[in-house]
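Presented below is the structure to which this report refers.
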Amino acid sequence: MTGMADDYDSPWKEALERYFPAFLAFFFPAAHADIAWEQGHRFLDKELQQVVRDAELGRRWADKLVQVTTRDGGEDWLLVHVEVQGRRETGFAQRMFSYNYRLFDRHARTVVSLAVLGEGRGETVGRFDYGRWGGETRFAFPVACLNDFRDRQAELAESTNPFAVVVQAHLQARATATDPDARYRGKLELVKSLYRRGWQRRDILELFRVIDWLLQLPAALEDRLWVEVRTFEEATQMRYVTSVERIGIRKGMEKGLQQGLQQGLQQGLQQGLQSERDLVLRLARRRFGAEIATRSAPMLARVTVPDALEQLGERLLDCADGEAWLALLDSAAGVDKS
Numbered sequence: 002m003t004g005m006a007d008d009y010d011s012p013w014k015e016a017l018e019r020y021f022p023a024f025l026a027f028f029f030p031a032a033h034a035d036i037a038w039e040q041g042h043r044f045l046d047k048e049l050q051q052v053v054r055d056a057e058l059g060r061r062w063a064d065k066l067v068q069v070t071t072r073d074g075g076e077d078w079l080l081v082h083v084e085v086q087g088r089r090e091t092g093f094a095q096r097m098f099s100y101n102y103r104l105f106d107r108h109a110r111t112v113v114s115l116a117v118l119g120e121g122r123g124e125t126v127g128r129f130d131y132g133r134w135g136g137e138t139r140f141a142f143p144v145a146c147l148n149d150f151r152d153r154q155a156e157l158a159e160s161t162n163p164f165a166v167v168v169q170a171h172l173q174a175r176a177t178a179t180d181p182d183a184r185y186r187g188k189l190e191l192v193k194s195l196y197r198r199g200w201q202r203r204d205i206l207e208l209f210r211v212i213d214w215l216l217q218l219p220a221a222l223e224d225r226l227w228v229e230v231r232t233f234e235e236a237t238q239m240r241y242v243t244s245v246e247r248i249g250i251r252k253g254m255e256k257g258l259q260q261g262l263q264q265g266l267q268q269g270l271q272q273g274l275q276s277e278r279d280l281v282l283r284l285a286r287r288r289f290g291a292e293i294a295t296r297s298a299p300m301l302a303r304v305t306v307p308d309a310l311e312q313l314g315e316r317l318l319d320c321a322d323g324e325a326w327l328a329l330l331d332s333a334a335g336v337d338k339s
């Protein structure tokens, strides 16, 4: 069995932007405690891009440059590097030094470098130094290794820090790369755990997106997962995650209409409509099974108005069973005169 094609860097980058204070509290608590968070923080993407372009040292990974205010009133820059995809890039410590120096040289700001690594264990400090004839340059930066959390699963499960979930999902993704059934079980349990940690709906949805991104499943297991999540949400009366499917319908429509502008209105609109139909069919298969989805297809083909397809996708989630959905769809297809 070949491994599933996982994308580790992108979800980490999104989580960093959404939960940066929580990231520091989880991995670098001393730094977090010294920052006046009430003063806010600011991502300096433009400044970092200039340095990365000038350095010409390869892939950026999930690097972030953040301006913060310390408790003593100082203004520091934090250069955060997350390298979780696989083996550590050659020249990693030298690149950290180069970015740090270039930022200091260009902006005359104090820059503190921090790194989170997907490989290795027990490493807490990264170093780069060189020298000769009595002259020496030394550079050190704090390091956190994700593998150090493999033996701390109980602690992760109890934590209310969002990055505990990100780390759990990451470790599961690596451990189940060739075992989709184990990944399904782990993903389902991790999704359920979101509801037990006292988070608001928005945070549950954000973290679900990260979990879904890191723990990709084959289509059949993904459909099974959605059925289980819906059942769980109905039992707990917290209908959060399955509402994401409504968002998916809207995104499908927007993407299709954009294709229409780019590829020619008529051709693009047809492609957009088909994309919407495919989304609704997948949603029907998740809710009611393959037979209902198959019976839905010819009726959906008669619906040619984007807004009508979007509304059907939303109303499907409120149908009690497959027959109610088919009746609704038959009515909608019959009145679509466009």
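Count along the sequence shown starting at 1, add 1, and that's the number in the working numbering.
Cβ atoms here follow ideal geometry from the backbone N, Cα and C, with glycine treated the same way.
What you are looking at is a predicted structure, and each value in this text was computed from that prediction instead of being measured.
Could you have a look at LYS304 and say whether DSSP puts it in helix, strand or coil?
-> The sequence shown places Val at residue 304, not Lys. In the three-state reduction of the DSSP assignment, VAL304 falls in the coil class, being assigned neither a helical nor a strand state.
Backbone secondary structure at THR71 - three-state DSSP = strand
Ignoring anything shorter than 3 residues or poking outside the segment 136 to 206, list the beta strand (DSSP E) runs there in chain order.
-> As far as the segment 136 to 206 is concerned, its whole beta strand (DSSP E) runs of at least 3 residues are 136 to 146.
Taking Cβ positions only, does THR177 come closer than 8 Å to chain D?
-> Among the protein chains of the structure shown there is no chain D, as only one such chain exists.
With which residues is TRP78 paired in a DSSP beta bridge?
-> Looking at the DSSP assignment, TRP78 forms a beta bridge with GLN68 and VAL112.
Helix, strand or coil for ARG43 per DSSP?
-> strand
For GLN238, does the count of other Cβ atoms within 10 angstroms reach 16, so buried, or fall short, so exposed?
-> exposed
Please confirm if the segment 283 to 290 is in contact with the segment 314 to 324, defined as three or more CB-CB distances below 8 Å between the two stretches.
-> yes
Nearest-angstrom Cα separation, counted from PHE24 out to ARG316 | 38 Å
Applying the criterion that 16 or more other CB atoms from any shown protein chain within 10 Å of the CB defines a buried residue, is VAL167 buried or exposed?
-> buried
Looking at C-alpha atoms only, which residue of ARG72, LEU301 and ILE293 is the closest neighbour of GLN275?
-> LEU301
Reduced DSSP category for ARG107 - H, G, I as helix; E, B as strand; rest coil | The answer is helix: DSSP assigns ARG107 an H, G or I state.
Answer yes or no: do GLN217 and LEU191 have a C-beta to C-beta separation smaller than 8 Å?
-> LEU191 is positioned such that its CB atom lies no closer than 8 Å to that of GLN217.
Run through DSSP, which three-state label would ARG122 get?
-> coil
May I ask you to report which of helix, strand or coil DSSP gives TYR102?
-> Three-state result, TYR102: helix.
Look at the Cβ atom of TYR20, then the Cβ atom of PRO143, and state whether they are nearer than 8 Å.
-> no
Would you be able to state if there are at least three C-beta pairs under 8 Å between the segment 171 to 183 and the segment 210 to 229?
-> Yes, since at least three Cβ pairs between the segment 210 to 229 and the segment 171 to 183 fall closer than 8 Å, the two stretches touch.
Close Cβ partners of PHE150 (< 7 Å) along its chain, the five nearest in sequence each way excluded = LEU157, VAL168 and LEU172
List the whole-angstrom C-beta distance separating ALA94 from GLY127, where the pair is believed to meet the contact cut-off of C-beta under 8 Å.
-> 5 Å
For the candidate residues GLN68, ALA32, ALA37 and ALA31, whose alpha-carbon lies nearest to that of ARG43?
-> If we check each option's Cα against that of ARG43, GLN68 comes out closest.
Which residues mark the beginning and the end of the alpha helix (DSSP H) in which LEU25 is found?
-> In the DSSP annotation of this structure, the continuous segment of the alpha helix (DSSP H) that includes LEU25 starts and ends at 21 to 28.
So which of THR179, GLU234 and ALA116 has the shortest CA-CA distance to LEU17?
-> ALA116
Spatial distance of VAL340 from ARG184 (CA atoms) | In the structure as shown, the chain begins at 2 and stops at 339. Residue 340 is therefore absent and cannot be evaluated.
Buried or exposed: which applies to LEU330, given that a residue is buried once 16 or more other Cβ atoms fall within 10 Å of its Cβ?
-> A residue is called buried when at least 16 other Cβ atoms come within 10 angstroms of its Cβ; LEU330 meets this threshold and is buried.
Tell me where the alpha helix (DSSP H) around LEU222 begins and ends.
-> 220 to 237
Enumerate in chain order the residues of its own chain whose CB-to-CB distance from GLY135 is below 6 Å, with the five nearest sequence positions on each side excluded.
-> none
Which class does GLY127 belong to by DSSP, given the choice of helix, strand or coil?
-> strand
Just the C-alpha distance for GLU39 and ASP73, rounded to the nearest angstrom, thanks.
-> 13 Å
Assign GLY323 to one of three DSSP states: helix, strand, or coil.
-> helix
Closest by C-alpha distance to ALA31, when choosing among ALA145, TYR102 and ARG139 | ALA145
Does DSSP put GLY132 in a helix, in a strand, or in coil?
-> strand
For TYR100, is the classification buried or exposed, using 16 other Cβ atoms within 10 angstroms of its Cβ as the cut-off for buried?
-> buried
Neighbourhood of ALA141 by C-beta, 6 Å cutoff - its chain only, sequence neighbours within 5 removed | VAL126 and ARG128
Are LEU189 and LEU147 touching if we call contact CB-CB under 8 Å?
-> no
Quick one, which of VAL83, ALA37, THR71 and LYS65 has its alpha-carbon nearest LEU104's?
-> LYS65
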